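Novice:
Residue numbers (mature numbering (1 follows the signal peptide of the UniProt record, and there is no 0)): -21 to -1, 1 to 958.
1. Go to residue 960, then tell me how far its beta strand (DSSP E) extends in each direction, as first and last residue.
2. Would a C-beta distance cut-off of 8 Å place residue 404 and residue 831 closer than the cut-off?
3. Around the C-beta of residue 152, are 16 or more other C-beta atoms found within 10 angstroms, so that it is buried, or is it exposed?
4. Please give the ranges of any beta strand (DSSP E) in the region 293 to 347, keeping only runs that are unbroken, at least 3 residues long and fully inside the region.
5. Taking 8 Å as the limit between beta carbons, can you name the residues of its chain near residue 306, skipping five residues before and five after?
6. My understanding is that residue 80 touches residue 313, with C-beta atoms under 8 Å, so please give their C-beta distance in whole angstroms.
7. Spell out a yes or no on whether the region 274 to 294 and the region 226 to 238 are touching, meaning 3 or more CB-CB pairs, one atom from each, closer than 8 Å.
8. Give the straight-line distance between the Cα atoms of residue 766 and residue 441, rounded to the nearest whole angstrom.
9. Counting Cβ pairs, one atom from each stretch, are 3 or more of them under 8 Å apart for the region 62 to 75 and the region 84 to 103?
10. Could you name the residues of the same chain whose beta carbon sits closer than 6 Å to that of residue 139, not counting the 5 residues immediately before and after it, in chain order?
11. Can residue 6 and residue 164 be called in contact, C-beta distance under 8 Å?
12. Can you say whether residue 210 is buried or exposed, counting buried as having 16 or more other CB atoms within 10 angstroms of its CB?
13. Rounded to the nearest angstrom, what separates residue 346 and residue 338 at their Cα positions?
14. Would you grab the beta carbon distance between residue 412 and residue 826 for me? Rounded to a whole angstrom, and I think it's under 8 Å.
15. DSSP puts residue 132 in a beta bridge; with which residues?
16. Measure the C-alpha to C-alpha separation of residue 218 and residue 247 and round it to an integer number of angstroms.
17. Using a Cβ-Cβ cut-off of 8 Å (strictly less than) and excluding sequence neighbours within five positions of residue 54, which residues of its own chain qualify?
18. Excluding the five sequence neighbours on either side, which residues of its own chain have a C-beta within less than 7 Å of the C-beta of residue 397, listed in chain order?
19. Who are residue 69's beta bridge partners in DSSP?
20. For residue -20, which residues in the same chain have their Cβ closer than 6 Å to its Cβ, ignoring the five residues on either side in sequence?
21. With distances taken Cα to Cα, identify the nearest neighbour of residue 630 among 849, 364, 794.
22. Is residue 458 near residue 797, with beta carbons less than 8 Å apart?
23. On the DSSP letters alone, give me the boundaries of the alpha helix (DSSP H) that residue 42 sits inside.
24. By alpha-carbon positions, which one of 837, 855, 849 ends up nearest to residue 389?
25. By the 10 Å Cβ neighbour count, where 16 or more other Cβ atoms means buried, how is residue 241 classified, buried or exposed?
26. Do you know how far the Cα of residue 227 is from the Cα of residue 135?
27. Under DSSP, the alpha helix (DSSP H) around residue 247 begins and ends at which residues?
28. Going by DSSP, which residues form a beta bridge with residue 142?
29. Based on the DSSP output, what are the partners of residue 153 in its beta bridges?
30. DSSP on residue 168, reduced to helix/strand/coil?
31. With a CB to CB cut of under 7 Å and the five nearest residues on each side skipped, what residues in its chain are close to residue 14?
32. Who pairs with residue 94 in a beta bridge, going by DSSP?
33. On the CB-based measure, 16 or more other CB atoms within 10 Å of its CB, does residue 251 come out buried or exposed?
34. May I ask which residues mark the beginning and end of the beta strand (DSSP E) holding residue 198?
35. Helix, strand or coil for residue 804? Go by DSSP, reduced to three states.
36. For residue 113 and residue 77, what's the separation of their Cα atoms in angstroms?
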């Protein structure tokens, strides 16, 4: 149950206001549980700390706690009213009979309030008294079992708490504040067909549904603001009149079922709560009464009662008002009906008592027979215990010897398996070596034969190549001699022709220089003049250039030098930043390596932990299998003989205890290992995480520092670049101005220079004409002589070309033959290297060199005498174990004796006790147990848990059959029990 906190409404109640709690919902959805709760088993919690406590105990605990903390004088009165079949009953009536009906009147002081005549109000001083009153009232409340709830409330209950608080004003006047808290537990609406209610239960369900229907009509009328609200159609609505649309703060808790088969009831409950939520109350603070006014009111009431008493005494006979007479007559009729019902109940109880006494006598006879059987069995058990000790000792000896033999057998089996493994490995290695040697021999023989054949073929090819080379060399020598003779004739003829041509050319050239020299002298004079002018212009240009150079250098030194220095500084700082970033990256890589190593170790530890857990679980599974086998054998033996049952059970229980201890040990060991390794891993991870966090923080700080420095440097470089661009613009403007001036000067000089060059060009053209005429005359003579020489040379050239073509053809044929021989040799070489020769291809089957480890000593079991001597040394431990088992048997026998004594004591109690009425406050509906200690079977008795239709039909049939039986009525169960 989710805890419902009512602190706010409790504080409102303490603030001199009326407060009301209502609970509404389908039957079996937990209304009474929400209201009252349950008490935890074994009373391990107090009321205020119990997680299963309901709203009533929590509210009262809160009220007393706040009142005691405030330190004011207070008094708390509580009452518990039950509305059963539209009749009012006081559950706190000191008499055990709750059948006295109460009357309800309108409160003259409060138009919307009511007064219940005869309702008991008990003053409480602490929480424990309240809890006792709660137990008393809950025990007297009407409950019954239905198909939907085993403890279904058949009535509505109103638990009222009235608080009087006294406070003193500044003037010293004492004021009294009154607060009232109503906690209403409505009975659940139910479907009679589904709940299985018949006869009396059906009438109860009809009255409950009728009162809830009236409450629903009242809520609808209040929400729709109708002029008439039907408060007087039910006593429940008359009591709740002030809570519904009045001056009280009201809180409604709707309880619903989680089952799908109760969907309609759930929707109806939610609609009901939603409509009730729209009701508008007008809470008002109660008037604070002074102490004097309250005393005056009480004295006036006492005087009025005295006058009425005196008037009644003056009359003759017994004076009773008509209203009291009617009440007394009605009460007498009701009491007569109740007497008849009680007589019937007493008869049914007497019949039940006789039946119980008969059963008790039968049980007593059976108990005597069981005692005699038990004595016989104990004697047999003592004899079997002695025999059992002897067999246990013999069994321990045999088990010890067999365990020694098994251990030696396992050792021998291990050594034999290891020796067989080494033998198999060595045989495989030897066979692999032999196969490798065979392959080597075959490859070597084949390669030797292929080498012989290849050598013979190469010798034949080389001989043919030598013959071809000798023929070619002789032919080339002959061709060279012929070429020498031809070149000698050609040279002699060409030399004679050149001599004649040179003679004619020299004659013509001697006349040309004379003419040219005269012209050159004239031109040189003109050029000297022009050179003087050019020198002057050159000096002026050099001056201008020097001026520009000096200006540019000065401006660049003044402007660019600081910027260059700053840029160099920025570059150096950026280099430093890059170096530091490299160191940071190296650190990150180192940390990554550390993380990888840590993760690998972590994986290894986890793997080891997994292996340990698997092995321990395998051991526990084996032990569990052994336990199941032992249990099967126990069942077989139990079916065979009854007399051996006790001894065998004790033996098996001892074995089971030992095996359980064996199971617990590996499990505890596994748990300790896992805890230790988990702690180590957690510590390692914590240390590594702290280390990495610290290093990453340092790195992040360094990177932030570097980023800040980089941004500052970039800002500096941007500023210097801006300055540099401004200075360069100024320099460019100055250079443009000076270049314009230089262009004007160069244009004037170029125009003067072009005019002078044009004049010199005309004079040079005249000189060239004269030279061309002389050259044409001499060239005509030379061409005639050269044409004759060319014809003679052409004839010699044709003869030489013919001989060259013949030699070239011979060389081509010779080279083709050599190429054929070379191709044949290359193919043979490739065949020899790729096909004829065989390689020793590795197959991977050859074993590697290896050292073989094998055992050289065989295990041997000790003689039987030595094993028995060792066992005798361990004899005290065995005796301790046997004594422990005997002590366990003695404990069980003592328990049996105690049970016998209890049975004898119950058998000796008197049987002729009449049913008595319990007038104490601890009575309850089930054998004197308080209501909060009941453990209700929620899963079996409620329909909300999803009952099978077949089971439901069977339950209905059982209910119909049980109606005819003589069962105790509910109120009788609440008030009587058999002692």
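Every residue gets a Cβ at the ideal spot worked out from N, C-alpha and C, and that includes glycine. Bear in mind the structure is a predicted one, so any value in this text is a computation, not a measurement.
Specialist: This is what the structure gives:
1. Past the boundaries of the shown model lies residue 960; the chain is included only from -21 to 958, so the question cannot be answered.
2. Within the chain shown, the letter at position 425 stands for residue 404. Within the chain shown, the letter at position 852 stands for residue 831. Going by C-beta atoms, residue 404 is nearer than 8 Å to residue 831.
3. Counting from one through the chain shown, the residue named residue 152 turns up at place 173. It counts as exposed.
4. none
5. Translated into positions along the chain shown, residue 306 becomes position 327. Closer than 8 Å at the Cβ level, and outside the excluded window around residue 306, lie 82.
6. Numbered from 1 along the chain shown, position 101 holds the residue referred to as residue 80. Numbered from 1 along the chain shown, position 334 holds the residue referred to as residue 313. The Cβ separation is near 7 Å, so the contact holds.
7. no
8. Mapped onto the chain shown, residue 766 falls at position 787. Mapped onto the chain shown, residue 441 falls at position 462. Those two C-alpha atoms are separated by around 54 Å.
9. yes
10. For the purposes of this step, residue 139 is taken as the residue at position 160 of the chain shown. The answer, listed in chain order, is 58, 161.
11. Indexing the chain shown from 1 puts residue 6 at position 27. Indexing the chain shown from 1 puts residue 164 at position 185. No, the pair does not count as a contact, with Cβ atoms beyond the cut-off.
12. Start at 1 with the first residue of the chain shown, and residue 210 comes out as number 231. Burial call: buried.
13. Against the chain shown, residue 346 aligns to sequence position 367. Against the chain shown, residue 338 aligns to sequence position 359. Looking at the two C-alpha atoms, the distance is approximately 12 Å.
14. Position 433 of the chain shown, counting from 1, holds the residue named residue 412. Position 847 of the chain shown, counting from 1, holds the residue named residue 826. That belief holds up - the Cβ atoms of residue 412 and residue 826 are roughly 7 Å apart, short of 8 Å.
15. One-based indexing of the chain shown puts residue 132 at position 153. Answer is 122.
16. For the purposes of this step, residue 218 is identified with residue 239 of the chain shown, where counting begins at 1. For the purposes of this step, residue 247 is identified with residue 268 of the chain shown, where counting begins at 1. Distance between the alpha carbons of residue 218 and residue 247 is about 24 Å.
17. Walking along the chain shown from the start, residue 54 turns up at place 75. Result list for residue 54: 102, 142, 143, in chain order.
18. Working through the chain shown from its first residue, we reach residue 397 at position 418. 833, 834.
19. Against the chain shown, residue 69 aligns to sequence position 90. For residue 69, which the question treats as bridged, DSSP gives the partners 60.
20. Position 2 of the chain shown holds residue -20. Because residue -20 carries a pLDDT of 38, less than 50, the predicted location of this residue cannot be relied on, and no value is offered for it.
21. By one-based count along the chain shown, residue 630 stands at place 651. Ranking the options by Cα distance to residue 630, first place goes to 364.
22. Reading the chain shown from its first residue, position 479 is the one you call residue 458. Reading the chain shown from its first residue, position 818 is the one you call residue 797. No. Outside cutoff.
23. Along the chain shown, one-based indexing puts residue 42 at 63. Counting along the chain, the alpha helix (DSSP H) containing residue 42 begins and ends at 34 to 49.
24. Along the chain shown, read from residue 1 onward, the residue named residue 389 stands at position 410. Here the closest residue by C-alpha is 837.
25. For the purposes of this step, residue 241 is identified with residue 262 of the chain shown, where counting begins at 1. So residue 241 ends up on the buried side.
26. Here residue 135 corresponds to residue number 156 of the chain shown, with the count starting at 1. Here residue 227 corresponds to residue number 248 of the chain shown, with the count starting at 1. Cα-Cα distance, rounded: 20 Å.
27. Taking the first residue of the chain shown as position 1, residue 247 is located at position 268. Start and end: 242 to 256.
28. Here residue 142 refers to the residue found at position 163 when the chain shown is read from its first residue. The partner list for residue 142 (beta bridge, DSSP) reads 55, 158.
29. Locating residue 153 in the chain shown gives position 174, where the first residue counts as 1. Partner(s): 147.
30. Counting from 1 along the chain shown, the entry for residue 168 is found at position 189. Residue 168 falls in the strand class under three-state DSSP.
31. Taking the chain shown and counting its residues from 1, the one referred to as residue 14 is at position 35. So the qualifying residues of the chain are 2, 33, 34, 35, 162, 164.
32. One-based indexing of the chain shown puts residue 94 at position 115. Answer by DSSP bridge pairing, in chain order: 84.
33. Residue numbering aside, residue 251 sits at position 272 when the chain shown is read from its first letter. With 16 or more other Cβ atoms within 10 Å, it is buried.
34. For the purposes of this step, residue 198 is taken as the residue at position 219 of the chain shown. Residue 198 -> not in any beta strand (DSSP E); alpha helix (DSSP H) instead, spanning 179 to 203.
35. Against the chain shown, residue 804 aligns to sequence position 825. In the structure shown, residue 804 sits in a helix (DSSP, three-state: H, G or I).
36. Numbered from its first residue, the chain shown carries residue 113 at position 134. Numbered from its first residue, the chain shown carries residue 77 at position 98. Using only the alpha carbons, I get a separation of about 15 Å.
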